[in-house]
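Heads up: the sequence shown begins at 4 in the working numbering, then just goes up one per residue.
Notes follow the structure.
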Amino acid sequence: MMMPLFMPVDEWLQAFTPPFDNGIKQTLLRLYGNKPSIWAERCRLFREALGAYRERYGSGPVLLSRSPARLSLNPHSDHQGSYVLYGCHAREIVVVVGWRDDDQFVVGNAAPEFASGLTFGVPQEVALDAAAWERGWVEYIDTPAVKAAVAELKDRKNRAAGRTGTVNYVKGAVLRLAHARPGEIDHGLNLLVAGDIHYGAGQSSSSAIVVATALAVNAVYHLGFERKALVRLLGEAEWYVGTRGGSGDQAAMLLGQRGKLTNIQFVPPLGFRDLRTTEFPDGYQMYIVNSGTRAEKSSAQKRMFNSGVFAYKFAYSEMHRALVRNHSRWGIPNEVIEGTHWLADFNTERLPLPRIYDLLQTLEADCPMEEIERRYPEQFGQLTQSFFDTSDLDLLPKSVPLRGAAMYGIGRADRGMMQDMLLATASPEAMVEFGELTTITHDGDRRFQRDGNGTMAPYRGHLDRLSDDYLGKMAHQASEAPRGSTAWEAIQLRRQPGFYGASVQQLDAIVDLVTPLDGVLGAGLMGAGGGGVVLVVTRDSEEVESNLRQTLSRDYYEAEGLAPDIERWTPVEGAGVFSILGDWQTSAS
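In structure tokens form, the structure reads like this:
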């Protein structure tokens, strides 16, 4: 028999305090696997969240939702139609919610550095621009009044106390669902956010807040959204804070399965069209190495992130124009043109490899922003305003790296189609290639490289691999190399990093320290870049792990004055809402 989703705080606390009832053991087993040490960590977090809620709001009935950290092995490409490989990791955001008698949402946080008692109400937020709200969600969040409200709560970089930025993610989730279900969110909630996902570490703590909040709201108000619908809605919800990414992080959390990696192909900007799952093979491991540098979504960080997505859009447009100009003489059918909508559509299942390299050569390495405005006058103003909050050329980036962005996106699309297949094959050769592709992916973001003296110097390798000479050579070899030969494999799109430039020196240093180690197959940054963590793929052995930890402790953490922070990947179930069944099993709403 199912009992209510809401239970008094003290009953929840009892449930999550050992010794555990046999039923809750089964729940923890389903969510986290047979790992009692992980159960203890998770239940400690749940008790912390419940205790903080009780301190602020009392011990009345509450509902709990959770969303895990995500691993991303092909970042920056969900919004271009690629497959992206994801996993869920045993760090989480937990949201505790309880009813209020008014229409206000009161948001607190268990961590002391965050401000508590921040409030908002759906009617008051709608009133910032009611006409835009009626026109549409994007129209609403792009209005000056809404942008000003978001900016007021943003945290400056490295803000140590009184942090308020979390509220923007809660507001984004609540308001997006309110817009989709007019009039159904008719009263307020007390919300308490807690979590142990490292903030700004590239494991998407921000998206986890959005997902956990939305799942709670969906359950409380009986809104009835299915998970696949929430993927799109919650991608749009996160646009509220000013980014213009895809819905990959939200999809990873909503659709993830314990013990598996999920390879999701997206329909930009926020939908998806295919989902494949695969086991991570025995005998191998992934490690999450925290650089100690936060990748915060400050205004500068959002500008960097949005610059890459902006470049993608015009790189696609230029390649599509070139394809239209040349398809007849290349013998490419009209239906291929008509089915080419995103960078990921420039792949070897649809187009000959030599022609893709020819198309890349038609793009400038750096196209002046004023030239982009001249070529695309109708799109330019709307997109620059949306991505950068201005259309003033003096305030925009001076140029757009069209060729690097195109190669980066196309290479990632090709890697995305292969990664889960390599894991499914699970042979030593396949796992070596999987690791190599992880490192190549990082090279597309790389800005520094460790030289022979151990000094981190500016990286210029991407310039050579984007030159006319290099691309011309690739096009020629693609026409001449025997299919399946070593030369043929070397020129595949998945072997080309392109350039996006989202890394920082600390991440590049970690990658360069670990990749030469015996048993390490590959390494690369996770998340939006600008800081955060590096994911390291290895053979699973005590010797490999010991060498990895010793090398990083000595050569990175000591040099940076940091305590070592290296975790094994611990797979967990995707996000959900706790509901009490007769056997304490949980179901996700």
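We put the beta carbon where it would ideally sit given N, CA and C, even for glycine.
The beta carbons of H79 and A478 sit about 25 Å from each other, so the pair does not count as a contact at 8 Å. Of the candidates D423, S250, E374 and A429, S250 places its Cα closest to the Cα of H82. Straight-line spacing of the CA atoms in R166 and K157 works out to 8 Å. Take the alpha-carbon of L258 and the one of F581: they are about 16 Å apart. DSSP places R69 in the uninterrupted beta strand (DSSP E) bounded by P64 to S75.
Boundaries of the alpha helix (DSSP H) around F49: P39 to Y60. Boundaries for N25: no beta strand (DSSP E) harbours it, while the alpha helix (DSSP H) harbouring it runs N25 to Y35, taken from the DSSP string. Burial of A113 is indicated by the presence of at least 16 other C-beta atoms within 10 angstroms of its C-beta. If you look at M459, you'll find it isn't in any alpha helix (DSSP H); it sits in the beta strand (DSSP E) that goes M459 to P461.
The beta-bridge partner set that DSSP reports for H92 consists of A72 and P574. For the 8 Å CB-CB criterion, G90 and P574 form a contact. By the beta-carbon neighbour count (other beta carbons within 10 angstroms, threshold 16), W333 is exposed.
Ranking R450, C370, L426 and S470 by CA distance to the CA of D361 puts S470 first.
Non-local C-beta neighbours of L399 in its own chain, meaning closer than 8 Å and more than five positions away in sequence, comprise M372, T387, F391 and T393, ordered along the chain. If you draw a straight line from the Cα of S389 to the Cα of D395, it comes to about 13 Å. Here D252 is not bridged, per DSSP, to any residue. Going by beta carbons, T458 and V517 fall outside the 8 Å limit.
Around V153, the same chain offers N171, Y243, V244 and G245 as residues with beta carbons nearer than 7 Å, after the five sequence neighbours per side are excluded.
Annotation: the stretch 132-166 contains the following complete segments of the alpha helix (DSSP H) (minimum length 4 residues), in chain order: 133-138, 140-144 and 147-156. Judged by DSSP in its simplified three-state form, D568 adopts coil rather than helix or strand. With contacts defined by Cβ atoms closer than 8 Å, S208 and V536 do not form a contacting pair.
When DSSP states are grouped into helix, strand and coil, Y290 belongs to the strand group. For the pair G175 and E241, the CB atoms are nearer than the 8 Å cut-off.
Between N550 and D521, the gap from beta carbon to beta carbon is short of 8 Å. Under the DSSP definition of a beta bridge, D277 partners with Q268. Contact between M434 and Y287 holds, with the beta-carbon distance rounding to 6 Å and staying under 8 Å.
The Cβ atoms of V65 and V110 lie no closer than 8 Å to each other. As the crow flies, the alpha-carbon of D397 is around 42 Å from that of E352. Secondary-structure assignment with DSSP links W102 through a beta bridge to L192. Contact check for Q17 against H92 fails: the beta carbons are separated by 8 Å or more.
Under the three-state reduction of DSSP output, E381 falls in the helix class. Under the DSSP assignment, N112 falls outside any alpha helix (DSSP H), being part of the beta strand (DSSP E) whose first and last residues are Q107 to N112.
G577 places its beta carbon less than 8 Å from that of M256.
One Cα belongs to Y202, the other to R47, and the distance between them is close to 19 Å. Under the three-state reduction of DSSP output, A219 falls in the helix class. CA-CA distance, A408 to S310, rounds to 10 Å.
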